[in-house]
Amino acid sequence: MAGPACAARGPDLPWFRDATADSGVDFEFVSIDFRGGPVAVVDTDGDGRLDVLAGSRAGGLAHFANRGGWSFAGDADEVGLALAAPVNFIAPGDLDNDGDTDLVVASDRILLYENLGDGRFAPAPGDLGDGSRTEHVLPVDLDGDGLLDLYVSNRDRHDRERSRNRLLRNRGRLVFEEVAGAAGADSAGMTWTASAIDIDGDGDLDLHVANDTLLADNGLPHQAVSDLPPDAFYRNELAETGELRFTDIAHALGLDGPRSSMGGLVADVDGDRRLDLYVTDFGRKKLFAGDGAGGFAERGEELGVDGTTRSDGLCASPERLASRDCLLLSWASQQADLDLDGNDDLVVVSGVSVIDGPPPPVLVLRGPPPYQPIDAGLGCFEGHALVAGDLDGDGDLDLVAGTHDGPLRLFQNQAVAGGRALRVALAGRRSNRDGRGAVVEVRTTSGRRVVRAVGAGGVAHSSPPPVAYIDLSGGGAETQEAAESIDVRWPSGVNQSLTAPALAGVGDNMVITEPEP
């Protein structure tokens, strides 16, 4: 329950408990400025359990192996990930399509670690360039060859060229080459994240690039002006031309408004089975709802996900709500059905908006739309990274949060006893092995349809696992459902549909393999 210094935003529903102390995870983020450290959650050793990685801006990389039973062991030295240099971002991905997870670490240089097949890593040869200004690395197959390329997002307030983004094309065998001018997608804005979404349905992946213009949006009419580039949205021309090049169509889509975009979460936020773009901001958040025809409509306020201000302490005073120091400076967001009631929820973590300000509340919005704020037991802290995943294998989603200067925090889900979620992992053949960029749609026996984007990126300081979670409990053990059909739209363009008897007897963990060419 929230105290006076951390006022609740809605009903007290203690879905989570801080179980960091029980986990064996012991890591402190140390920052050098206002930016937070990175978090990644992925199965690095292939044992079916999600491991946790974290990095500190002041130096240090940690790896916590999941031993089961909510027990984690720090073993970075043992697995070959000892690194004392600053860590800006961690991007997992099967870069050589050999069935295990490799790592890209943005440090003073961009480092590549090859997974040796058993969860141990070795530095890969080659120099991927300067990583000192890198804020995000998106593993994504942009040229359609079945290999994950790397879109590198950079941010430098004082040097526009060092702030220019880069595209590293995967040539196989962990060899990358830089695409000159990033084929037109080398935004020179101050980029926090990039995300992949096929907006026009032509079978190739387009890019949303979240740029920081250092503006705040208090939700009131204003004519803000910035000399910094706004968000970009790069349409991939591969399907039409056969060549890898991009055209910025952000203005035509209404996505280039002046704002301080921190991330672009790709998810079906409005529940219409079309992918949307949820953009975290300094102040009012934006929901660009996909219209199914290659466009977007902004619906954040309408659906209750704009989350502009904090409401605790002095900010509880109505006349102060629009002041800059009461705005939520929001970073990472995650959408998932956290209470397993058949409706997706939204969680957003925020940093402080003024130096030495009190830690802000975690914004938890309960679905269905219009979303309603609740107090889910997460309290107040200066959060930058956020990942949802089933850490203890009990069928519901837990949370891993990265703070600014403070501990890595693990929150165990206790919302529903006896809940059940279907976990769908992908194994690409023509597509990249992880299936990153795929869209999964599940129809349940009750008629619900749930859409998930796999590995789309766009979460500030965070790398969620490339899996899809779908609630099958319908609110409790007495209302268990089953998957009636699963459709996968693979990055290769293949559309795969699974129905009975292929789904008969499927347990809570499922791997879908892409059909042979």
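Residues 584 to 1100 (my numbering) are what the sequence shown spells out, left to right.
Every residue gets a Cβ at the ideal spot worked out from N, C-alpha and C, and that includes glycine.
With contacts defined as CB atoms closer than 7 Å, Gln1079 and Val1071 qualify as a contacting pair.
Counting only the Cα atoms, Ser1068 lies some 15 Å from Tyr1052. Of the residues assessed, Asp742 falls on the exposed side of the cut-off, its CB having fewer than 16 other CB atoms within 10 angstroms. Per DSSP, Ala984 is one residue of the beta strand (DSSP E) stretching across 981 to 986. If only complete runs of 3 or more residues are kept, the segment 873 to 934 shows the beta strand (DSSP E) at 879 to 881, 912 to 919, 928 to 934, in order along the chain.
For Leu1055, no beta strand (DSSP E) encloses it, and the DSSP letter there is neither H nor E. Excluding its 5 nearest sequence neighbours in each direction, Thr627 has C-beta neighbours in its own chain below 6 Å: Asp634, Thr684, Gly702, listed in chain order. In the displayed model, Ser606 falls within a helix according to three-state DSSP. The shortest C-alpha to C-alpha distance from Gly896 to any of Asp1017, Asp908, Asp710 is the one to Asp908. Judged by DSSP secondary structure, Leu821 falls outside any beta strand (DSSP E) and instead within the alpha helix (DSSP H) spanning 821 to 824. Cα atoms of Arg1012 and Gly786: separation of roughly 16 Å, rounded to the nearest angstrom. For Ala835, the enclosing alpha helix (DSSP H) starts and ends at 833 to 836. Counting the other Cβ atoms within 10 Å of the Cβ of Phe617 gives fewer than 16, which makes it exposed.
Apart from the 5 residues on each side of it in sequence, Gly976 has no Cβ closer than 6 Å to any other Cβ in its chain. The alpha-carbon separation between Gly1020 and Glu823 amounts to approximately 19 Å. Secondary structure of Gly702 (DSSP, three-state): coil. Relative to the Cα of Ala648, the nearest Cα in the group Asp924, Asp660, Leu797 belongs to Asp660. Here Pro951 is not near Leu886, since their CB atoms are 7 Å or more apart. Cβ contact annotation for Gly878 (same chain, cutoff 7 Å, sequence separation greater than five): Leu836, in chain order. Nearest neighbour of Leu757 by Cα position, chosen from Leu694, Asp814, Arg740, Asp795, turns out to be Leu694. The C-beta distance from Trp653 to Asp922 rounds to 20 Å, too long to fall under 8 Å, and the pair is not in contact.
Of Gly642, Pro675, Leu678, Gly657, the smallest CA-CA separation from Ala667 is found for Gly642. Collapsing the DSSP output to three states places Gly966 in a strand. The shortest CA-to-CA distance from Ser894 to any of Leu644, Asp814, Pro956 is the one to Pro956. The alpha-carbon of Pro812 is positioned some 20 Å away from that of Ala763. The beta carbons of Gln995 and Asp981 sit closer together than 7 Å. The segment 913 to 921 and the segment 845 to 852 touch, with no fewer than 3 CB-CB distances between them shorter than 8 Å. Nearest C-alpha to Gln918 among Glu697, Val792, Gly1040: Gly1040. Contact check for Arg749 against Ala765 passes: the beta carbons are separated by less than 7 Å. Val808 counts as exposed, since fewer than 16 other beta carbons sit within 10 angstroms of its beta carbon. With at least 16 other beta carbons inside 10 angstroms of its own, Arg738 counts as buried. The closest CA to that of Leu961, considering only Gly972, Asp939, Val930, Val937, is found on Val930. Between Val624 and Gly972 the beta-carbon gap is near 5 Å, inside 8 Å, which marks them as a contact. His834 counts as exposed, since fewer than 16 other C-beta atoms from the protein chains shown sit within 10 angstroms of its C-beta. Taking 7 Å as the cut-off, the beta carbon of Pro1074 is found closer than this to the beta carbon of Ser1014. When the beta-carbon positions are compared, Asp726 and Leu858 stay at least 7 Å from each other.
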